[in-house]
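Quick notes on the structure that follows.
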Amino acid sequence: MTEVRYGLYKSSIGPITVIAEDDEITMLDFCDCVEKGLMNNEWFSDLFQKLDMYFQGKRVEFTVKIRLPMNPFRQRVFKEVMKLRWGEITTYKHVAERIGSSPRAVGTALSKNQTLLLVPCHRVIAESGIGGYSRGVDIKRKLLKLEGHEF
DNA sequence: TTGACCTGGCCGC
DNA sequence: GCGGCCAGGTCAA
């Protein structure tokens, strides 16, 4: 029996909704889409503490379990991106070379990322600049700034 | 089947 | 240097 838990974290750049199934995070997104009655913030206290530190600009490694997509190609992309540590950035081209694919396909895979921050797709930028972001380039820019990068 | 996506390389000018 | 074209993987329409 799958147990689903919902949490809402208020970050300095907007509300973040977190959803976990059993003990895996299945979604972490910049939106306020949790019904109040369903919230179970206590369950997420460890993660929220880390988010506190993260949004204070401190170096944080997220160690929570996340659910990777079923799609094998995306799994490869996500695993490659998850190797990036706090403050590290790379390009779509570099990720594509590592997994033997094309930058365009990497961008598409990352655009489907449900677990923002945990799969740090904001650390993947275009060669020509910051690149795009499914939740808006503005959020991507702010996240990168927290980690010491200006775009 | 087509077009749209978080890109980049190549070509012609 | 810049604009146009298209390969790349996936999915919604």
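Residues in the first sequence are numbered from 646 upward in steps of one, following our numbering.
Here a beta-carbon is modelled for each residue, glycine too, at the ideal position from N, C-alpha and C.
Source: prediction; values computed, not measured.
query, result
"If distances are taken between C-alpha atoms only, which option among SER747, ARG730, LYS728, LEU729 comes closest to TYR737?", "SER747"
"Checking 8 angstroms against the spacing of the C-beta atoms, do LYS790 and ILE775 come in under that value?", "no"
"For the alpha helix (DSSP H) that contains GLU733, what are its first and last residues?", "GLU733 -> no alpha helix (DSSP H), and no H or E assigned at all."
"Taking DSSP as the reference, what is the three-state secondary structure of ARG650?", "strand"
"Given a cut-off of 8 angstroms on the beta-carbon distance, is the pair GLU772 and GLY732 in contact?", "no"
"So, with DSSP's three-state summary, where would you put THR753?", "helix"
"If you drop the 5 nearest sequence neighbours on each side, which residues of the same chain put their C-beta closer than 6 angstroms to that of GLY659?", "PHE675"
"Using a Cβ-Cβ cut-off of 6 angstroms (strictly less than) and excluding sequence neighbours within five positions of ASN686, which residues of its own chain qualify?", "GLY652"
"Just to confirm my understanding: we take VAL705, look at its own chain, exclude 5 residues before and 5 after, and list those with CB closer than 7 angstroms. What are they?", "LYS695, MET698, TYR699, TRP731"
"Within 10 angstroms of the Cβ of ARG749, are there 16 or more other Cβ atoms? Answer buried if so, exposed if not.", "exposed"
"What are the partner residues of LYS655, as DSSP defines its beta bridges?", "PRO660"
"Return the CA-CA distance between VAL679 and GLY777, expressed in angstroms with no decimal places.", "26 angstroms"
"Pull up the CB-CB distance for ARG719 and ALA754, whole angstroms please, since I reckon it's below 8 angstroms.", "5 angstroms"
"By a C-beta neighbour count over all protein chains shown, 10 Å radius and 16 as the cutoff for buried, is LEU788 buried or exposed?", "buried"
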